[in-house]
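For reference, the structure is listed below as structure tokens.
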Amino acid sequence: MMVSAGNEKLCGAPLGACSSNKKSSINLSRIVVVVLVSLALLVIAAVILYVLVKRRKTKQQEELGEGAGVAANTSNRDNNNQKKGSSSNNNTDEGSVRSRTSSNTSSRKGDSKLSFVREEVSAQFDLQDLLRAAAEILGSGCHSSSYKAALLTGPTVVVKRYKQMNNVNRPEFQEHMRRLGRLNHPNLLPLVAYYYKRDEKLFITDFVPNGSLAVRLHGYHSIGQESLDWPSRLKIVKGVAKGIEYLYKELPNLIAPHGHLKSSNVLLNESLEPILTDYGLVPVINQDVAHEIMVIYASPEYLQHGRITKKTDVWSLGILILEILTGKLPANFLQQSGKGSELSLANWVDSVVPEEWSSEVFDKDMELTSNNEGEMVKLLKIALECCDMDIDKRLDLKEAGERIQEIQENNHEDDLNSS
1 MMVSAGNEKL CGAPLGACSS NKKSSINLSR IVVVVLVSLA LLVIAAVILY VLVKRRKTKQ
61 QEELGEGAGV AANTSNRDNN NQKKGSSSNN NTDEGSVRSR TSSNTSSRKG DSKLSFVREE
121 VSAQFDLQDL LRAAAEILGS GCHSSSYKAA LLTGPTVVVK RYKQMNNVNR PEFQEHMRRL
181 GRLNHPNLLP LVAYYYKRDE KLFITDFVPN GSLAVRLHGY HSIGQESLDW PSRLKIVKGV
241 AKGIEYLYKE LPNLIAPHGH LKSSNVLLNE SLEPILTDYG LVPVINQDVA HEIMVIYASP
301 EYLQHGRITK KTDVWSLGIL ILEILTGKLP ANFLQQSGKG SELSLANWVD SVVPEEWSSE
361 VFDKDMELTS NNEGEMVKLL KIALECCDMD IDKRLDLKEA GERIQEIQEN NHEDDLNSS
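Using full-length UniProt numbering, you'd call the opening residue of the sequence shown number 1 and step up by one each time.
Structure representation (structure tokens):
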């Protein structure tokens, strides 16, 4: 029995039975199974990730192809302002953004084309040019957003995107756009082109570099601009009145030819001439949300009786004039005063006795003097008559326009009487 001496692992007959290798075989099998399962899981995960990325990319392309052509990433505003000059004056929340969009590769013809509405303007650019343009956010809200787009080989334009215009069919929308495209007045911002999709629309207009009246009235300190003096404000009021009168003349079938008159929709050019925007949109805005969007639906006649009249734009004009003369935001005076009515800037001005208008009502930045106070008071009274809650007593647009144009920078009659 010394055969196994020095060879302790020797086994089998006539020696003892060999020990089983079953345990090591089981361990090896487990390793193989784990490796195979892991590889399978990795393959499945890769497939799922690929499908998700593909779906997300396709969804983005579909959304962007329907008009969201200027969604963008915020970048360095100051660097852009050095290149673009004073274009940053349009809104305090604006910034330089780089477009990162692409259009939908829809097979339907015409879906990726802009429709130009001005006869004197040919198709200088297309939708792809807008999608490739560097853009700045000018403003954004629940129902619309606007961007400044600097085309690589073309003009700088403004693109405004509307979401609440899908209750109008294509032929009706196109006809109304052609009607707006025929308007031509120095105090109106002309529509250059539009882009039609069922769920949203794009409006393209020229870019006005000097910003809005709202910024000049309420945000001039933050942008380093001077306040507006009395002559400048009077010039703006007269230009706005001329623009509204022109709309009433050219769009007689519309109850409210402007419909959305407010200081942020009044742009100013280099000579402070006012240019009206967002006009003539009442027929194409969805009526179920129009009261949330349009200024005319804050008028007394709508709040009390649920109706709009030919004098509703006159009410908006009166509120705008009061804002220009007082330097106060109308929204700060909106307060519920009872069923179907609200207190307004007009109510506040009317509550101040006339003897205190000079000290309590007029914006100090207008530099009121004995030579111009009388003319300011005249314009203030016109504004209050435009805001009369009784429609029958409210001025009509023609009379309001005539009286506004008669206002002078200085009270010359008082000067002659005092000499």
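No residue lacks a Cβ here, since even glycine has one placed at the ideal position from N, Cα and C. None of these values were measured; they are calculated from a predicted model.
Given a cut-off of 8 Å, decide if residue j and residue i are closer than it, judged by their beta-carbon atoms.
| i | j | result |
| --- | --- | --- |
| L188 | Y248 | no |
| Y302 | I308 | yes |
| G154 | F125 | yes |
| S271 | S212 | no |
| L334 | L322 | no |
| L152 | A135 | no |
| L114 | A45 | no |
| N210 | L276 | no |
| L261 | L320 | yes |
| D365 | G327 | yes |
Check each candidate in the options and name the one with the smallest Cα separation from residue i.
| i | options | result |
| --- | --- | --- |
| E402 | K378, D388 and I391 | K378 |
| E373 | P354, K262 and L343 | P354 |
| L345 | S358, S146, L325 and N166 | L325 |
| E273 | R132, Q128 and V240 | V240 |
| L228 | I244, S212 and L217 | L217 |
| W348 | A383, V53, T369 and V215 | A383 |
| H185 | L343, I244 and A135 | I244 |
| L251 | V157, R178, I44 and L151 | R178 |
| Y195 | A123, L138 and L322 | A123 |
| S145 | V215, K201, L127 and R182 | K201 |
| M389 | S38, P300 and S29 | P300 |
| A290 | N253, L39, R170 and C142 | C142 |
| I391 | Q304, N371 and S359 | Q304 |
| H258 | L183, D288, L28 and P171 | L183 |
| P330 | V33, S370, N286 and A214 | A214 |
| Q287 | D350, S370 and K163 | K163 |
Near residue i, which residues of its chain fall below 6 Å by C-beta distance, leaving aside the five closest residues on each side in sequence?
| i | result |
| --- | --- |
| E375 | I407, Q408 and N411 |
| A256 | V282, I296, I308, T312 and D313 |
| K83 | Confidence is the limiting factor: at K83 the pLDDT is only 38, short of 50, which leaves the residue's position unreliable, though a coordinate-based value still follows. Excluding positions up to five away in sequence, the list is empty. |
| L180 | L191 and G280 |
| I236 | P274 |
| V43 | none |
| N91 | In this prediction, N91 scores a pLDDT of 39, lower than 50, which makes its location untrustworthy; no coordinate-derived value is stated. |
| Y220 | S227 |
| T156 | A150 and F207 |
| I31 | none |
| L380 | L325 |
| E399 | none |
| W230 | M366 and N372 |
| K242 | N187 |
Is it right to say residue i is buried, meaning 16 or more other beta carbons lie within 10 angstroms of its own, or is it exposed?
| i | result |
| --- | --- |
| D278 | buried |
| S96 | Confidence at S96 is low in this model, with a pLDDT of 33, below 50, so the placement of that residue should be treated as unreliable; the coordinate-derived value is given next. S96 is buried by the Cβ-count criterion. |
| C386 | buried |
| T205 | buried |
| S316 | buried |
| Y50 | exposed |
| D363 | buried |
| V266 | buried |
| N332 | exposed |
| G65 | At G65, the pLDDT of 45 sits below 50, so the modelled position is not reliable and the matter cannot be decided from this model. |
| Q405 | exposed |
| K238 | buried |
| L52 | exposed |
| A298 | buried |
| N253 | exposed |
| G224 | exposed |
| V361 | buried |
| R161 | buried |
| L36 | exposed |
| residue 434 | In this structure the chain extends from 1 to 419, so residue 434 is not present and cannot be described. |
According to DSSP, what are the bridge partners of residue i?
| i | result |
| --- | --- |
| V192 | Paired residues: none, contrary to the question. |
| P274 | L268 |
| A150 | A134 and T156 |
| D206 | V157 |
| F116 | A193 |
| K201 | Y162 and Y196 |
| G139 | S146 |
| S316 | Bridge partners of S316: none, in fact. |
| S212 | L267 |
Please list, in chain order, all residues of the same chain as residue i whose beta carbon is under 7 Å from its beta carbon, the five residues on each side excluded.
| i | result |
| --- | --- |
| S232 | L272 |
| V284 | M165, V168, F173 and H176 |
| K393 | none |
| R118 | G181, P190 and V192 |
| R198 | N166 |
| W357 | V377 and L380 |
Ordered along the chain, which non-local residues of its own chain (more than five positions away) have a Cβ less than 8 Å from that of residue i?
| i | result |
| --- | --- |
| D396 | K310, K311 and V314 |
| R170 | Y196 |
If we cut at 8 Å on Cβ distances, does residue i have a partner in chain D?
| i | result |
| --- | --- |
| I244 | Annotation note: the requested chain D is absent from the structure, which comprises a single protein chain. |
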